[in-house]
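Residue numbers (the working numbering): 166 to 692.
Glycine included, C-beta positions come from ideal geometry on N, C-alpha and C.
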């Protein structure tokens, strides 16, 4: 996209400024413009774990509980809850004033339908379903969850910021099969999605939900507290070229660039009108996801060979540059800062191409076709994918490198077809470290075959140890369970951990109130 075309069209900033009455506020005082990390290609935050769909979800939906920066759940849509019968009965009461964008009130049955749809796609939710006896809806404002085994992490599941996030949808929408994408973005959140202005690959727009009633109490912290919107309109402009994005931010045409690229940090930091800071204090963890159903990674010996060859620091340097404080290697299957992290299996990263080639030869995999999908419109994923493609070629694979946009990767990775019919072998992606904090919401670490995240590993040992973690009575027992998970993971390789880095965000200094965590559009205002 050329910079002169950036705001072309009837919804552009220039057009809005020219049409604004002279007595009104300047257009940019009522509008915030943003460059998201990727193209918004789907509206369904349950169907995919892509962060762009989650970020869209925070615009239009609300949550039963928010999560503060201490990672403690706080009431959001609920007035409160009670727990009875030794933890087997949870009763939730909705607060007053909740309405969907179509004017219908939010009812208990909407919450139950949303929980049911979300839980089938989420690792945390699947555990809830495994312990569920029944849902009950005594009234429009009350719903109950009856369990056959206690689930003390209920509120953590409802409040989590890991994908998929539990957003509340109208019952009529939430009844859509969870493996079928929804197209109706009706929520009850602080913004309304302007579907008539949605142009995938170019722009998405949202207007303030004037009927939204924020919580009357609580501290604003990450996704917790009152959601007070100070802009009439928010626009997401898809700009894939970093130089164009940087120029638009520096000129003031764009207010906020979610993921500035490493090569442009020095330039942006020298601009006194730009703030460059770490938004996700947990950092991001890179993973290479092999497809366990297709060649060459349907052979565990081949997956192990990739670990043998892998150099995490090579990937992180390509993503974030040379600053040592912004990257980490020796990353296992749990976030390095988590109390559940361990060094078990880390020595399997031999960083040896020669040894990896010997392992491939023993497996009869030298020269095997490898279809690597790579999203070139996300700088971090693109960098990791290029390093990976080079590594796989040097190992001896016949690499078919499929350069596309992230939306296309999201759609193709759902395919279980063989390579000869449009299937895939692997792709790189990133997760917030909070996604990898423990086994509860760690979607990439499930080993439950057809119900697992894309790639579909069948690793019963991981599932058994995961169950032990949920039932562990204390931290020591939890750590014992996660050490076993990591041992099994390095043996069977559901994915390859590829390092950790910390991603700065960049925004105009005139924008105040930007919250830590995901890109959130409440609380912010123009100075």
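DSSP, read as helix, strand or coil, puts residue 555 in helix. Relative to residue 274, the option among 525, 613, 301 whose CA is nearest is 301. By DSSP's assignment, residue 536 forms a beta bridge with 565. Going by DSSP, residue 289 is part of the alpha helix (DSSP H) stretching over 288 to 295. Contact annotation: residue 265 and residue 686 have beta-carbon atoms that are not nearer than 9 Å.
The DSSP assignment places 571 to 577, 625 to 636 as complete runs of the alpha helix (DSSP H) inside the region 561 to 639, in order along the chain (cut-off: 4 residues). The closest CA to that of residue 612, considering only 307, 472, 458, 584, is found on 458. Cα atoms of residue 239 and residue 231: separation of roughly 5 Å, rounded to the nearest angstrom. Considering only 366, 354, 350, the residue with the shortest C-alpha distance to residue 360 is 350.
Taking all protein chains shown into account, residue 245 has fewer than 16 neighbouring C-beta atoms within 10 Å of its C-beta and is therefore exposed.
Contact between the region 579 to 594 and the region 481 to 493 is not established, with fewer than three Cβ pairs separated by less than 8 Å. By the criterion of at least three beta-carbon pairs nearer than 8 Å, the region 532 to 542 is not in contact with the region 411 to 421. Taken in chain order, the complete alpha helix (DSSP H) segments of 4 residues or longer contained in the region 242 to 327 are 273 to 284, 288 to 295, 319 to 324.
Counting along the chain, residue 222 sits inside no beta strand (DSSP E); it lies in the alpha helix (DSSP H) bounded by residues 216 to 225. Apart from sequence neighbours up to five positions away, the residues of its chain that approach residue 572 with a beta-carbon distance below 6 Å are 204, 206, ordered along the chain. Relative to the Cα of residue 665, the nearest Cα in the group 566, 492, 333, 369 belongs to 492. By the C-beta criterion, the region 249 to 256 is judged not to be in contact with the region 367 to 387, since fewer than 3 inter-stretch pairs fall below 8 Å. Distances from the CA of residue 358 to each of 346, 682, 372, 365 were compared; the closest alpha carbon is that of 372. Of the candidates 214, 562, 681, 214 places its Cα closest to the Cα of residue 346.
Annotated three-state conformation of residue 485 is helix, per DSSP. With a cut-off of 8 Å on Cβ pairs, the region 402 to 410 is not in contact with the region 283 to 290, counting fewer than three such pairs. For residue 411, the three-state secondary structure derived from DSSP is helix. Using a C-beta cut-off of 8 Å, the region 435 to 448 makes contact with the region 669 to 679, since at least three inter-stretch Cβ pairs fall below that distance. Spanning the alpha carbons of residue 637 and residue 644 requires a straight line of approximately 9 Å.
Around the Cβ of residue 640, a 10 Å sphere holds fewer than 16 other Cβ atoms; the residue is exposed.
Residue 364 sits in a strand when the DSSP states are folded into three classes.
Within a 10 Å sphere around the beta-carbon of residue 499 sit 16 or more other beta-carbons, which makes this residue buried. Three or more Cβ pairs closer than 8 Å define a contact, and the region 612 to 621 meets that threshold against the region 652 to 665. Shown here, residue 386 sits in a strand according to DSSP, grouped into three states.
Where residue 526 is concerned, the enclosing alpha helix (DSSP H) starts and stops at 518 to 527. Under the three-state reduction of DSSP, residue 460 is assigned to coil, being neither helix nor strand.
Taking residue 259 as reference, the option from 267, 253, 446, 242 with the minimal CA-CA separation is 242. DSSP, read as helix, strand or coil, puts residue 657 in helix. Taking one beta carbon from each stretch, the region 473 to 482 and the region 515 to 522 have 3 or more pairs nearer than 8 Å; the two touch. Assigned with DSSP and collapsed to three states, residue 400 falls in strand. Collapsing the DSSP output to three states places residue 437 in coil.
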